[in-house]
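Asker:
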Amino acid sequence: MRDEDGTPGHAEDRDEHGRPLSTLLPPRRQWWGRIGPDERRWLTIAFVWCLILFTGMYVWMGIGDQQTPIESYRIDPDDFRAEVESFVEEHRVDEVDGADVVAPPPGSDVYLHANQFAFRPVLQLQKDEEYRLLVSSTDVQHGLSLQPTNLNFQVLPGYLYVIRITPDEVGEFPIVCNEYCGLGHHLMTGLIVVDD
Ligand SMILES: [Cu+2]
Numbered sequence: 240m241r242d243e244d245g246t247p248g249h250a251e252d253r254d255e256h257g258r259p260l261s262t263l264l265p266p267r268r269q270w271w272g273r274i275g276p277d278e279r280r281w282l283t284i285a286f287v288w289c290l291i292l293f294t295g296m297y298v299w300m301g302i303g304d305q306q307t308p309i310e311s312y313r314i315d316p317d318d319f320r321a322e323v324e325s326f327v328e329e330h331r332v333d334e335v336d337g338a339d340v341v342a343p344p345p346g347s348d349v350y351l352h353a354n355q356f357a358f359r360p361v362l363q364l365q366k367d368e369e370y371r372l373l374v375s376s377t378d379v380q381h382g383l384s385l386q387p388t389n390l391n392f393q394v395l396p397g398y399l400y401v402i403r404i405t406p407d408e409v410g411e412f413p414i415v416c417n418e419y420c421g422l423g424h425h426l427m428t429g430l431i432v433v434d435d
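Using my numbering, you'd call the opening residue of the sequence shown number 240 and step up by one each time.
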């Protein structure tokens with residue numbers, strides 16, 4: 240900015256009596272002048288970038304396979320508990336440290352029950368088969384984070400989450416709860432085992 244007499248920069252640092260301007264006084268002839276070309280340029284760049292990012296949100300949702308297919312429905316927690324019980328009863332193959340190990344048929348619906356403070360049962364899945372993972376909680380909010388993948392979901396009581404997964408790697412995949420759910424939260428884990 241230039242002063243009216245053409246002096247550049249800080250000619251306005253003194254008031255009309257030659258006293259230094261206090262920060263309590265408004266600077267003179269600065270704020271209401273036309274914005275300079277530099278400022279205009281940066282504002283334009285920032286605005287265009289905002290538009291690109293805004294459009295990108297929708298493009299990112301539409302292309303690529305980074306979005307996990309998930310649906311959610313209302314479910315009565317008691318109904319869910321009953322469905323899990325009959326699922327475990329039907330396909331139970333083992334017990335490890337007091338946890339039921341379940342080997343459901345390839346490509347079927349598999350249940351995962353989040354409850355203070357465990358995910359049960361332990362699921363034994365086959366590689367390259369698509370499963371519908373049916374997840375819910377029957378007490379408080381939990382978080383389902385499948386390690387070391389990028390799968391990460393909230394699990395709320397009263398809602399059934401249907402997640403389509405196709406394991407493409409053999410191994411053991413721990414599940415951790417990533418929403419604080421009570422005193423045992425840090426101990427809350429589960430396990431998915433993928434076999435060939
Ligand atoms: Cu939890």
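By construction, the Cβ of each residue, glycine as well, lies at the ideal position given by its N, Cα and C atoms.
(1) For I404, is the classification buried or exposed, using 16 other Cβ atoms within 10 angstroms of its Cβ as the cut-off for buried?
(2) Looking at C-beta atoms only, is the number of pairs between the region 370-390 and the region 411-421 that lie closer than 8 Å three or more?
(3) Within its chain, find whatever has a CB closer than 6 Å to the CB of F326; leave out the 5 residues flanking it on each side and keep chain order.
(4) Taking the beta strand (DSSP E) that H352 belongs to, which residues open and close that run?
(5) Is the Cβ-Cβ distance between D378 and Q393 less than 8 Å?
(6) Give the range of the beta strand (DSSP E) segment to which A320 is assigned.
(7) With DSSP as the reference, label T283 as helix, strand or coil.
(8) Using DSSP with H/G/I as helix, E/B as strand and the rest coil, what is G301?
(9) Please name the residue or residues paired with A357 in a DSSP beta bridge.
(10) State buried or exposed for C439, treating a residue as buried only when at least 16 other CB atoms are found within 10 Å of its CB.
(11) Could you tell me which residues DSSP pairs with D434 in its beta bridges?
(12) Taking DSSP as the reference, what is the three-state secondary structure of G337?
(13) List the endpoints of the continuous beta strand (DSSP E) containing Y370.
(14) Ignore the nearest five residues each way along the sequence and tell me which others in S376's own chain have a CB closer than 6 Å to its CB.
(15) Cβ-heavy atom distance between M296 and ligand 1 below 7 Å?
(16) DSSP on C416, reduced to helix/strand/coil?
(17) Please return the same chain residues whose Cβ sits closer than 6 Å to the Cβ of V332, not counting the five positions on each side in sequence.
Answerer: Taking the definition as stated:
(1) The count along the sequence shown starts at 1 and reaches residue 404 at position 165. Counting Cβ neighbours within 10 Å, I404 comes out buried, since at least 16 surround it.
(2) yes
(3) On the sequence shown, residue 326 is found 87 positions in, with the first residue counted as 1. Y350, listed in sequence order.
(4) The sequence position of residue 352 within the sequence shown is 113, counting from 1. Element bounds for H352: 348-354.
(5) Within the sequence shown, the letter at position 139 stands for residue 378. Within the sequence shown, the letter at position 154 stands for residue 393. Against a cut-off of 8 Å, the Cβ pair of Q393 and D378 comes out as no contact.
(6) Indexing the sequence shown from 1 puts residue 320 at position 81. Residue 320 is actually Arg in this sequence, not Ala. Not the beta strand (DSSP E): R320 falls in the alpha helix (DSSP H), residues 316-330.
(7) The sequence position of residue 283 within the sequence shown is 44, counting from 1. DSSP places T283 in helix when its eight states are reduced to three.
(8) The count along the sequence shown starts at 1 and reaches residue 301 at position 62. Looking at G301 - three-state DSSP - the assignment turns out to be helix.
(9) By one-based count along the sequence shown, residue 357 stands at place 118. Partner(s): N354.
(10) In the structure as shown, the chain begins at 240 and stops at 435. Residue 439 is therefore absent and cannot be evaluated.
(11) Residue mapping note: residue 434 aligns to position 195 of the sequence shown, counting from 1. Partner(s): Q365.
(12) The residue you call residue 337 lines up with position 98 of the sequence shown. Of the three classes helix, strand and coil, the one that applies to G337 here is coil, per DSSP.
(13) Translated into positions along the sequence shown, residue 370 becomes position 131. Unbroken beta strand (DSSP E) run through Y370: 370-376.
(14) Position 137 of the sequence shown, counting from 1, holds the residue named residue 376. Beyond the five residues adjoining it in sequence on each side, S376 comes within less than 6 Å, by CB distance, of A353, V394, P396 in the same chain, given in chain order.
(15) As a first step, residue 296 must be located in the sequence shown, where it is residue number 57. It does not: the Cβ of M296 is nowhere closer than 7 Å to a heavy atom of ligand 1.
(16) Position 177 of the sequence shown, counted from the first residue, corresponds to residue 416. The answer is strand: DSSP assigns C416 an E or B state.
(17) By one-based count along the sequence shown, residue 332 stands at place 93. V340, A342, listed in sequence order.
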